[in-house]
Amino acid sequence: MSTLLEVNNLTKSFRTGYRWMIPQYHRVLGPISFKLEEQQTMSVVGNTGSGKSTLAKILVGAEQRTSGQIILEGEQLEVKNHTQRCRAIRMIFQDANTSLNPRMRIGNLLEEPLKFATDMNKKDREAEVYNKLRQVGLLPEHAHFYPHMTSGGQKQRIAVARALMLDPHIIVADEALSVLDMSVRSQVINLLLKLQQEMGLSYIFVSHNINVVRHISDKVMVLDQGEVVEFGHAEQVFNAPKNDYTRKLLYTLGH
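Take the sequence shown: its letter number 245 is residue 245 in the working numbering, and every next letter is one higher.
Rendered as structure tokens:
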């Protein structure tokens, strides 16, 4: 497998105010370094406030990093240039109920990325919307529905379809399964694994659910107060964790 994404010494700090006219900063993340291979799933776990969601937002361009490198397919991503990142790294948000505009039909929601990031005509955009709906197990007719006309599981499939619209290489899922009940969660997990095989996707999976992380992960990164305390192959992290925080976290989240 070749390296798809490489992150080197990534940090994020927020300005907290001034002292003697000098700006003061608080580091909330980093430095973080890792590599993600093709068709690989890396899960990021940690307690609330550990920096998981901040990392996810930086990777998709919703937050700017303070320092460090993000190298995508051998090319360094500049902080202010989102074009390449927009196509290659997409996000599935935690709650499809709030991330889907209730005033827009599903077809229009899915078509939006194609309008802004491609030169496809209307007919081709509609065909691609129908294709992606089929890929996530929905019908072309769902394009004419409003979000409130669908179930919770269907909404999450729509959210997955939206993330797939630009045929990305990496999907960042930020607690994307946390609001689903167990049976629907299993269906969405199976869908994500199926899409990974069909489309060659890599996942960065942010989650509190240790059972899900154990099931789907190739690598696991454990964050505590913005710092990496453990990182390795999933089997090694779960079966022989080296860090006390990791052992406590696995016990706490697993019970």
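Cβ atoms here follow ideal geometry from the backbone N, Cα and C, with glycine treated the same way.
{"Check": "Same chain, Cβ closer than 8 Å to G153, five either side skipped, listed in chain order", "Outcome": "L180, V184, Q187, V188"}
{"Check": "For I158 and T118, the rounded distance between their alpha carbons", "Outcome": "20 Å"}
{"Check": "Reduced DSSP category for E141 - H, G, I as helix; E, B as strand; rest coil", "Outcome": "helix"}
{"Check": "Reduced DSSP category for N129 - H, G, I as helix; E, B as strand; rest coil", "Outcome": "Residue 129 is actually Val in this sequence, not Asn. Correct three-state label for V129: helix."}
{"Check": "DSSP-derived helix/strand/coil call for H148", "Outcome": "helix"}
{"Check": "Cβ-based burial, F205 [other Cβ within 10 Å; buried from 16]", "Outcome": "buried"}
{"Check": "Between the CA atoms of A88 and R247 - distance to the nearest angstrom", "Outcome": "34 Å"}
{"Check": "Cβ-Cβ separation, L253 to H208 (assumed contact under 8 Å), whole Å", "Outcome": "6 Å"}
{"Check": "Delimiting residues of the alpha helix (DSSP H) encompassing R247", "Outcome": "244 to 253"}
{"Check": "CA nearest to the CA of P168, picked from F34, I92, E78", "Outcome": "I92"}
{"Check": "Same chain only: Cβ atoms within 6 Å of A143, ignoring 5 sequence neighbours per side", "Outcome": "I106, G107, V129"}
{"Check": "Buried versus exposed call for K122 [16 or more other C-beta atoms within 10 Å across all chains shown]", "Outcome": "exposed"}
{"Check": "Cβ pair count under 8 Å reaching 3, the stretch 18 to 27 against the stretch 35 to 43", "Outcome": "no"}
{"Check": "Beta carbon of L100 nearer than 8 Å to that of P147", "Outcome": "yes"}
{"Check": "Distance between D124 and L223 (C-alpha atoms, nearest Å)", "Outcome": "43 Å"}
{"Check": "CB contact below 8 Å: N47 versus chain D", "Outcome": "Any reference to chain D falls outside this structure, which holds one protein chain only."}
{"Check": "Cβ-based burial, G17 [other Cβ within 10 Å; buried from 16]", "Outcome": "exposed"}
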